[in-house]
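Okay, so the sequence shown: first residue is 6 according to the working numbering, each after it adds one. Down below is the structure, laid out as structure tokens.
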Amino acid sequence: MQATTTSSSSSSSAATSAGPSFDNLYAHDFARVAVGVPLCRVADPVFNGEQTAQLLREAAADGVAVAAFPELGLAAYTSDDLFHQRALLDGCEAALAQLLTVSRDLPTVAIVGLPLRLEHRLFNCAVVFQRGRLLAVLPKSYLPNYGEFYEARQFNAADEALSEEITLLGQRVAFGTRLVVAASDLPLLRIHVEICEDVWTPIPPSSYAALAGATVLVNLSASNITVGKAGYRHQLVGQQSARCLAAYVYTSAGAGESSTDLAWDGQALVYENGSFLAESERFQRRSQLVAADVDLERLSRERMRQTSFGDSVRHHAPLLKSFRTVEFELGLDRAQPLPLRRRVERFPYVPADRQRRDERCNEVFQIQVQALVQRLVSSGIHKLVLGISGGLDSTHALLVAARAMDQMGWPRTHILGVTMPGFATGTRTRDQALRLMREIGCEAREIDIRPSCEQMLKDLGHPYANGEPVYDVTFENVQAGERTSHLFRLANHTGALVLGTGDLSELALGWCTYGVGDHMSHYNVNASVPKTLIQYLVRWVAETEQLGHAGREVLLDILGTEISPELVPQDARVDAAGGSGLQSTEDRIGRYELQDFNLFYTIRHGYSPAKIAFLARHAWGDRSRGDWPDGEHVQRNEYPLAEIKRVLRIFVSRFFRGSQFKRSCVPNAPKVGSGGSLSPRGDWRAPSDSEPAVWLAELDRIPD
């Protein structure tokens with residue numbers, strides 16, 4: 006691309022000389038953007054400029070990188086034929102000059118709307134400036150001249166201009182619609198501006214700008230309000246941000262515009278890749294500033310991941326090469342803390358809102374059932390075998406299996422559930438397994454695996470066979486292997502498929518016994534469902550009483566049971582108080598609520614450990630901040646950064662070294678969510694010999 010470089014005359018070296026603070030959002034490729042909706046007066050540029058200046062100062066004080074204001078805001082959109090009055094045009098340029106003066110010591114990039122004379126014609130323009138310097142002027146491409154709009158009466162469309170550079174207030178500045186304004190010290194911040202009607206067209210100018218590299222798309226709009234229009238704006242802005250894999254910042258005119266024939270609600274919106282971030286309060290008779298923190302790295306990574314975005318760049322390459330880049334230095338102080346102001350779900354796989362959570366659970370459940378039904382139909386096999394431990398994963402797999410049988414019109418006795426007590430099986434989990442199978446109505450069996458395990462340990466020459474209390478990994482895996490071996494042979498014997506129960510969280514952490522162990526099955530319905538979501542899926546079935554009242558009670562009992570592989574006898578373990586204790590999975594591998602957070606941002610977004618830790622502290626550092634799923638069962642934990650870092654180290658070590666060989670040969674399983682799966686045939690292809698050194702090195706740089 007042709008580059009036009011505009012550098013600020015004001016040095017920011019002092020502000021950026023210190024190293025970036027871990028607690029500063031700009032250190033993690035976020036950018037705070039804002040939309041200003043100033044109170045205005047029609048044809049009063051002095052007043053309008055003062056209102057805009059005040060909001061600009063507030064934005065800069067708040068650490069905002071980009072602040073956008075309404076279309077023709079220095080004049081007021083409803084000035085109509087007054088736009089052809091020299092006094093008004095001169096007044097708008099004078100107001101712009103005053104704003105440039107105000108901005109001299111401010112790092113925030115401001116974008117304001119005003120009418121500009123050029124080549125004996127008038128253009129509806131957005132002016133981009135920072136630190137007293139004009140960076141770009143972008144004219145409106147599409148002029149509405151229908152319904153209540155008569156813009157072609159006063160203005161000319163962008164493509165009627167001949168100039169690519171103009172002189173404005175004594176400065177030479179790039180002019181045109183194919184301009185991207187880029188921050189040299191925040192490379193992922195690349196801004197493009199279009200104006201109102203431009204985004205309502207079949208192919209908005211911002212679509213091409215996104216392909217040319219713009220990540221923050223700004224729309225200076227006036228947009229009068231009519232019934233239903235506010236909702237449509239949400240759809241329009243949200244979809245444009247999603248299609249362009251960009252942030253979209255939308256302004257709108259508010260109180261003070263003429264009500265001769267129209268009304269104005271001042272709706273301002275910020276979206277990011279289809280996700281709603283912020284909105285102004287509509288119908289307010291006061292100036293407003295609405296800010297949101299945009300994840301620029303998320304946008305960049307989505308563009309790298311979605312190959313169709315690159316294909317679109319290739320298809321439109323001749324046009325995209327005509328875009329010019331205007332560079333500037335943002336110069337924000339990153340040495341000081343600037344906390345993130347953004348909703349970060351504690352449970353990225355589980356919505357906090359009850360209605361959305363129930364919808365999510367229902368859809369995930371239906372996906373799993375549909376996939377299992379298809380596998381039964383295509384295999385010609387009508388029976389299932391699965392191990393029932395009395396724990397979460399096997400419980401949910403059995404629920405899915407039961408619904409699949411119902412959907413096919415087959416009796417639930419086509420499911421053979423097997424509980425297989427070993428050396429450490431507790432009476433609680435055994436009882437829960439038997440109660441669950443009774444409520445489901447499947448065939449239930451119990452096979453004591455201890456005799457076969459003892460024979461295996463004897464054959465191996467293991468010390469336990471000689472009466473020594475040695476409970477090592479061999480002791481544990483002999484039990485896991487015997488259980489799986491029995492299931493496969495039962496499947497042979499009964500003409501059934503072995504249904505796997507292991508979940509996505511366990512697979513990510515390598516918390517499964519390879520091969521002849523819980524790693525293997527004929528088909529696995531849980532392989533892309535994380536532990537935290539399985540907990541809520543089981544709770545959803547319980548609370549909706551899909552198994553009746555008695556079924557609800559057993560499911561709630563299962564949910565209240567500590568997660569444990571139950572492979573080492575309790576009397577062989579010593580807890581913190583010096584007594585015997587249950588073999589706790591989370592004591593070994595970290596809390597699943599943190600590990601699922603780490604998992605989501607690793608496989609879905611590819612974030613670095615530092616950014617994951619930054620987000621995790623924002624989500625989990627203060628239990629009083631943000632939304633929680635409702636219910637007395639929610640523990641509402643909070644974690645200091647040191648604990649977040651410790652658990653993240655476990656994740657990094659296990660995920661990037663030592664576990665991939667298990668993921669490289671997992672059984673078939675349906676992908677249920679965009680949070681990813683780890684199937685080598687689906688979302689995740691990785692070498693089994695990778696080293697975690699670069700991830701661990703960055704972990705060491707995270708403060709405690």
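Heads up, the beta-carbon is just placed ideally off N, CA and C, and yes, glycines get one too.
query, result
"Just checking my contact of ILE393 with THR424 at CB under 8 Å: how many whole Å lie between their CB atoms?", "5 Å"
"Can you tell me where the alpha helix (DSSP H) holding LEU653 begins and where it ends?", "646-661"
"Between which two residues does the beta strand (DSSP E) containing LEU4 stretch?", "Limits of the chain in this structure are 6 at one end and 709 at the other, which puts residue 4 out of reach."
"Taking PRO50 as part of the beta strand (DSSP E), name the residues at either end of that continuous run.", "Where PRO50 is concerned, there is no enclosing beta strand (DSSP E), although the alpha helix (DSSP H) it sits in stretches over 50-66."
"Classify ALA70 as buried or exposed, calling it buried when 16 or more other Cβ atoms lie within 10 Å of its own Cβ.", "buried"
"Which of the three DSSP states, helix, strand or coil, is assigned to ASN367?", "helix"
"When the Cα atoms are used, what is the spatial distance from GLU332 to PRO112?", "14 Å"
"Between which two residues does the alpha helix (DSSP H) containing LEU194 stretch?", "LEU194 -> no alpha helix (DSSP H), and no H or E assigned at all."
"Taking the C-alpha atoms as reference points, what is the distance between GLU202 and ALA162?", "11 Å"
"Is it buried or exposed for ILE454, if we count other Cβ within 10 angstroms and need 16 for buried?", "buried"
"What is the DSSP secondary structure of PRO144, counted as helix, strand or coil?", "strand"
"Is the CB-CB distance between VAL382 and VAL503 below 8 Å?", "no"
"Using 8 Å for Cβ pairs, my map puts ALA615 next to ILE707. What's the rounded Cβ distance?", "6 Å"
"Let's see if you can read the secondary structure: which residues bound the alpha helix (DSSP H) around ASP298?", "Counting along the chain, ASP298 falls outside any alpha helix (DSSP H), though it belongs to the beta strand (DSSP E) covering 293-300."
"Return the chain-ordered list of same chain residues with a C-beta closer than 8 Å to the C-beta of ASN278, the five sequence neighbours on each side being excluded.", "SER246, ALA247, LEU250, ALA251, ALA252, ARG303, LEU304, GLU307"
"According to DSSP, is ARG380 part of a helix, a strand, or is it coil?", "helix"
"Tell me, to the nearest whole angstrom, how far the beta carbon of PHE661 is from that of ASN603; I am working on the premise that it is less than 8 Å.", "That belief does not hold up - the Cβ atoms of PHE661 and ASN603 are roughly 12 Å apart, past 8 Å."
"Going by the beta-carbon positions, is the gap between VAL186 and VAL142 smaller than 8 Å?", "no"
"Measuring alpha carbon to alpha carbon, tell me which residue in LEU174, LEU173, PHE180 is nearest ALA166.", "PHE180"
"CA-CA distance, ALA691 and PRO685?", "8 Å"
"Starting from the C-beta of ARG380, find all residues in its chain whose C-beta is less than 6 Å away, skip the five residues before and the five after it, and write them out in chain order.", "TYR528"
"Can you give me the C-alpha to C-alpha distance between VAL671 and MET525, rounded to a whole angstrom?", "7 Å"
"Kindly indicate which residue of GLU548, SER26, ILE208 has the alpha-carbon position closest to the one of ASN367.", "GLU548"
"Which parts of the stretch 468-533 are runs of the beta strand (DSSP E), unbroken and 3 residues or longer, counting only runs that do not cross its ends?", "502-505"
"What does the alpha-carbon distance come out to for the pair PRO75 and GLY54?", "12 Å"
"Going by the beta-carbon positions, is the gap between ASP110 and LEU335 smaller than 8 Å?", "no"
"Tell me the residue span of the alpha helix (DSSP H) that contains CYS458.", "455-465"
"So, is TYR597 buried or exposed, given that buried needs 16 or more other C-beta atoms within 10 angstroms?", "buried"
"Mind checking which residues open and close the alpha helix (DSSP H) that includes GLU733?", "Here the chain covers residues 6 to 709 and nothing more, so residue 733 does not appear."
"With contact counted as at least three CB pairs below 8 Å, one residue from each stretch, are the stretch 339-356 and the stretch 621-639 in contact?", "yes"
"Enumerated in chain order, which unbroken segments of the alpha helix (DSSP H) with a length of 4 residues or greater are wholly contained in the stretch 532-573?", "536-548, 553-564"
"Name the two residues that bound the continuous beta strand (DSSP E) containing LEU222.", "221-225"
"Cα separation between TYR255 and GLU286?", "14 Å"
"Measuring straight from C-alpha to C-alpha, what distance separates LEU667 and GLY515?", "In the sequence under discussion, the amino acid at residue 667 is Lys, which differs from the Leu named in the question. LYS667 and GLY515: Cα-Cα distance of roughly 7 Å."
"Roughly how many whole angstroms lie between the Cα atoms of LEU403 and LEU60?", "58 Å"
"For ILE608, I'd like the list of residues in its chain whose CB is within less than 6 Å of its CB, leaving aside the five on either flank, ordered along the chain.", "GLY681"
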